[in-house]
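Student: Numbering (our numbering), first residue to last: 1 to 139. Glycine is no exception: its CB is placed at the ideal position from the N, C-alpha and C atoms. Note that the structure is predicted; figures quoted are calculated from it, not measured. My questions will all concern the structure given below.
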Ligand code: ATP
Ligand code: MG
């Protein structure tokens, strides 16, 4: 089933000019980039985006990291896009990520792990709505 997921190319990756290389992995996996914008995330946006992790010890560090450099926010579309992109990203910790995944190829650490991808269709819709309107998405 065709669905959408939300992706972020994180600051560790934009800093190293990896946007194009990461987009190539995404597109080679059959996911279509149907919206994309480079932004500097505000502290408010980052706090809201990672609200579910507010009680975790790394929350402050995570918000600081996400606002430290530009990010690229994206909407990806394709068959089973949520699960497919999680597979393409690889495990949260690059040490555990499978060969060929974005995190195995490019992530620096469990915190600075190059990409975000939604973990459910429900969260994908909420996350897309935080950064895009329907008019921004051209399928
Ligand atoms: P994401 O939500 O970014 O796609 P994920 O779903 O694989 O990643 P989560 O458990 O949702 O992982 O954690 C969200 C983000 O918080 C991670 O991607 C990472 O940047 C950061 N993070 C997670 N665990 C740690 C940790 N132990 N130390 C530092 N940062 C962490
Ligand atoms: Mg997550």
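Per DSSP, residue 132 forms a beta bridge with which residues?
Tutor: Along the chain shown, one-based indexing puts residue 132 at 132. In DSSP, residue 132 forms no bridge with anything.
Student: For residue 124, which residues from the same chain have a beta carbon less than 7 Å from its beta carbon, with the 5 sequence-adjacent residues on both sides left out?
Tutor: Counted from its first residue, the chain shown places residue 124 at position 124. 4, 5, 6, 82 and 118, listed in sequence order.
Student: Would you say the beta carbon of residue 96 is closer than 7 Å to some non-hydrogen atom of the ligand MG?
Tutor: Translated into positions along the chain shown, residue 96 becomes position 96. For residue 96, the shortest C-beta to heavy atom distance toward the ligand MG is 7 Å or greater.
Student: Can you tell me which of the three DSSP states residue 52 falls into?
Tutor: In the chain shown, counting from the first residue as 1, residue 52 sits at position 52. DSSP places residue 52 in helix when its eight states are reduced to three.
Student: Look at the alpha carbon of residue 87 and the alpha carbon of residue 26, and state the distance between them as a whole number of angstroms.
Tutor: On the chain shown, residue 87 is found 87 positions in, with the first residue counted as 1. On the chain shown, residue 26 is found 26 positions in, with the first residue counted as 1. So the alpha carbons of these two residues sit roughly 11 Å apart.
Student: Confirm the yes/no value for this check: CB of residue 20, any heavy atom of the ligand ATP, distance under 7 Å.
Tutor: As a first step, residue 20 must be located in the chain shown, where it is residue number 20. Outside the cutoff, so no.
Student: At the level of alpha carbons, what is the spacing between residue 94 and residue 112?
Tutor: Position 94 of the chain shown, counted from the start, is the residue given in the question as residue 94. Position 112 of the chain shown, counted from the start, is the residue given in the question as residue 112. Approximately 9 Å between the Cα atoms of the pair.
Student: Name the two residues that bound the continuous alpha helix (DSSP H) containing residue 20.
Tutor: Residue mapping note: residue 20 aligns to position 20 of the chain shown, counting from 1. Where residue 20 is concerned, the enclosing alpha helix (DSSP H) stretches over 19 to 28.
Student: Confirm, please, whether the CB-CB distance from residue 14 to residue 69 is below 8 Å.
Tutor: By one-based count along the chain shown, residue 69 stands at place 69. By one-based count along the chain shown, residue 14 stands at place 14. The answer is yes: Cβ separation under 8 Å.
Student: Measuring from each Cβ to the nearest heavy atom of the ligand MG, keep the ones under 7 Å and list them in chain order.
Tutor: 116 and 119
Student: Confirm the yes/no value for this check: CB of residue 122, any heavy atom of the ligand ATP, distance under 7 Å.
Tutor: If you number the chain shown from 1, residue 122 lands on position 122. No - the ligand ATP has no heavy atom lying nearer than 7 Å to the Cβ of residue 122.
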